[in-house]
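Asks: Numbered continuously in full-length UniProt numbering, the sequence shown closes out at residue 230.
We put the beta carbon where it would ideally sit given N, CA and C, even for glycine.
Note that the structure is a prediction, hence the values are computed from the model and not measured.
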Amino acid sequence: MYCLAPSVYAADIMQLEQQLRVMERAGVSCIHVDIMDGSFVPNLSFGPDFVKDLRGYTDMKLDVHLMVDEPVRFIKAFAEVGSDVISVHLEACRDMEHTLDAIHAVGKEAGIVLKPETGLGKIPLTVWNKLDVLQIMTVAPGLKGQHFNPLMLEKIAEARRFSEEIGRDIDIEVDGDITPDSLKLVMEAGANIIVVGKGLFVGSLEDNIRKYFTIMNSKGEERHALLNRN
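(1) Start and end of the beta strand (DSSP E) containing G111?
(2) Taking the DSSP output, what are the residues bridged to C3?
(3) Rounded to the nearest angstrom, how far is the Cβ of P116 from that of A140, given a contact under 8 Å?
(4) Let me confirm a value: V202 is counted as buried when at least 16 other C-beta atoms fall within 10 Å, else exposed. Which label applies?
(5) Alpha carbon to alpha carbon, what distance is there between S182 and L226?
(6) Do you know offhand how far A10's Cα is from D207's?
(7) Looking at A110: is its Cβ nearer than 7 Å to the Cβ of D132?
(8) Look up D84 in the DSSP assignment and say whether it is helix, strand or coil.
(9) Would you mind working out which of K108, I136 and L54 sits nearest residue 231, comparing C-alpha positions?
(10) Helix, strand or coil for Q135 per DSSP?
(11) Counting only the same chain and skipping the five closest in sequence on each side, list residues whose C-beta sits under 8 Å from that of A157.
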């Protein structure tokens with residue numbers, strides 16, 4: 001299933017409730033929440049209280065991306081405030097399997113995130129078998145104003161191929177300067193969850209969501225037809 005996940009880090013916080021209503025009316029079912037600790041990445045952002053407030057305003061799925069050192073310390077806190085998906089950086093975990101197990105233990109979908117420089121070969125098969133979501137960063141995490149890295153397209157395609165080879169229906173999520181042009185490329189490579197920040201929130205949010213949905217629906221139909229032919 002294809003999913004557009006607006007990143008609230010790029011939203012206008014002073015207008016966030018109104019923007020959430022626009023997203024809901026437009027058919028958005030999932031929103032992406034970046035959590036940054038100022039250590040694993042240079043910036044700081046939201047904490048559990050913000051996620052709790054979000055949950056109070058919307059029933060949309062909350063996809064929480066922990067850009068923090070030793071994320072296992074924060075899993076319970078973010079689970080208790082209404083997160084639906086908790087994704088952690090492979091590079092930040094001392095014990096990846098234990099961290100994923102901890103996420104599943106609190107009843108949440110578990111994901112890992114890879115920086116652009118981290119290869120898929122760093123993920124053991126035992127970890128693949130615990131994954132619900134694999135998030136591939138197409139920019140360096142934690143900084144605004146970067147440009148999409150086209151070298152990540154092969155990583156996305158390889159992740160999709162391997163997921164299918166091992167018989168796992170893992171969501172492949174992409175995050176980082178996803179414009180309408182790069183959207184087409186990442187979907188063709190095999191991504192099905194698309195995180196978008198400034199591409200949605202600059203200009204008319206409703207019109208931008210409609211534009212992205214139009215491309216996603218078209219690419220989804222093309223992929224469905226191709227799979228049926230094969």
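Replies: Well, looking at it:
(1) In this chain, the beta strand (DSSP E) harbouring G111 covers E109 to L114.
(2) Residue pairing of C3 in beta bridges, as defined by DSSP: I193.
(3) Indeed, because the Cβ distance is near 6 Å, the residues count as touching under 8 Å.
(4) Only exposed fits V202, as fewer than 16 other CB atoms lie within 10 angstroms of its CB.
(5) Bear in mind that a pLDDT of 46 at L226, under 50, signals an unreliable position, so the model cannot answer this.
(6) The alpha-carbon atoms of A10 and D207 are separated by roughly 16 Å.
(7) Taking 7 Å as the Cβ cut-off, A110 and D132 qualify as a contacting pair.
(8) In the three-state reduction of the DSSP assignment, D84 falls in the coil class, being assigned neither a helical nor a strand state.
(9) The chain is shown only over 1 to 230; residue 231 falls outside these bounds and no answer can be derived.
(10) It is a strand residue.
(11) Closer than 8 Å at the Cβ level, and outside the excluded window around A157, lie A189 and G190.
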